[in-house]
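Asks:
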Amino acid sequence: MNEFYQALTYVNKIFYEPNHLIINAIQEEAQNSDYGAGIFQLNSKSVRFRVAKITPNKIGQFVVFWEKDQANKNQAFSYEKATDLLVINTFTSDNHFGQFVFPKEVLVKQNILKTPTTKGKMAIRVYPRWEHPTSKQALETQKWQLAYFIEVNNTNRFPGQELLKLYS
C-alpha cells in the first residue's frame, strides 16, 4: 500500500470514522506522491491531504504542495482552485501523530496560496506542538499554525470536539 492510502487509512480509523466524518471521491495526486498526496471529499468539505517529512538538519517537518501550469512548470496552488482545507499529517518515530487542518482562507492570509497579487508557496515547514524551534521566524510560524493543529496522544486519544471544530 502506498503512503497516501496508508496514511489516509490510519487517519480515517483514528479521526474520521469515530467522529462520523465520511470520505468520498478519493484521488491520489501523483505529482506530490512522496508526501502522501491526495484529494477527497470529507462530508461537505474538499480536502487536499499531505504527509510531512522529518528532515535531518532542521526543526519542524517539510511538506510540498504544487501543481503544473500550462507550460508544465511547478506553481503554487491558486486560491480560486484550492480545496476548502489543506490537511498536513505529522508523524514521528516516537509515536507522535497530529494534523494541521488549514482552511484556505488562512492559507491565503499567510501568502501560501497564489492570488493575482501573491506568488504563493509550493512548500512549507510545519511545527507541531512537540517541536521547539528557536528562530524568530519559526516561532512566529508555529504560533499561527498551532491554532489549526490537533494531536493524538495518551491523554487525548479521541479528540472529537477539537477535531470537529477544525473540520467545520
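Each residue of the sequence shown is one higher than the last, beginning at 7 in my numbering.
The C-beta atom is built at its ideal place from N, Cα and C for all residues, glycine as well.
Can you name the residues that DSSP bridges to VAL132?
Replies: In DSSP, VAL132 forms a bridge with GLN67.
Asks: Find the nearest neighbour of ARG135 within the set LYS64, TYR173, GLN148, judged by alpha-carbon distance.
Replies: Just measuring C-alpha positions, the residue of LYS64, TYR173, GLN148 sitting nearest ARG135 is GLN148.
Asks: I believe ALA43 touches PHE68 by the beta-carbon criterion, under 8 Å. Please report the beta-carbon distance rounded to the nearest angstrom.
Replies: Not a contact, Cβ separation roughly 14 Å.
Asks: Can you tell me whether LYS79 is helix, strand or coil according to DSSP?
Replies: coil
Asks: Please classify ASN38 as buried or exposed, where buried requires at least 16 other C-beta atoms within 10 Å of its C-beta.
Replies: Looking at its Cβ environment, which holds 16 or more other Cβ atoms inside 10 Å, ASN38 is buried.
Asks: Using the three-state DSSP reduction, which class does ALA43 fall into: helix, strand or coil?
Replies: coil
Asks: Cβ of VAL17 within 9 Å of Cβ of GLN151?
Replies: no
Asks: Taking just the CA atoms, how far does PRO139 sit from LEU145?
Replies: 6 Å
Asks: Going by DSSP, name the residue or residues bridged to LEU48.
Replies: ILE29, LYS51
Asks: Where do the ends of the alpha helix (DSSP H) carrying GLU73 lie?
Replies: Where GLU73 is concerned, there is no enclosing alpha helix (DSSP H), although the beta strand (DSSP E) it sits in stretches over 72 to 74.
Asks: Applying the criterion that 16 or more other CB atoms from any shown protein chain within 10 Å of the CB defines a buried residue, is ILE118 buried or exposed?
Replies: Counting Cβ neighbours within 10 Å, ILE118 comes out buried, since at least 16 surround it.
Asks: If I follow the unbroken alpha helix (DSSP H) through GLN105, where does it start and stop?
Replies: GLN105 -> not in any alpha helix (DSSP H); beta strand (DSSP E) instead, spanning 103 to 109.
Asks: In this structure, does DSSP put ILE94 in helix, strand or coil?
Replies: Residue state, collapsed to three classes: strand.
Asks: Beta-carbon separation of PHE55 and ASN25 under 9 Å?
Replies: Not in contact: PHE55 and ASN25 (Cβ atoms no closer than 9 Å).
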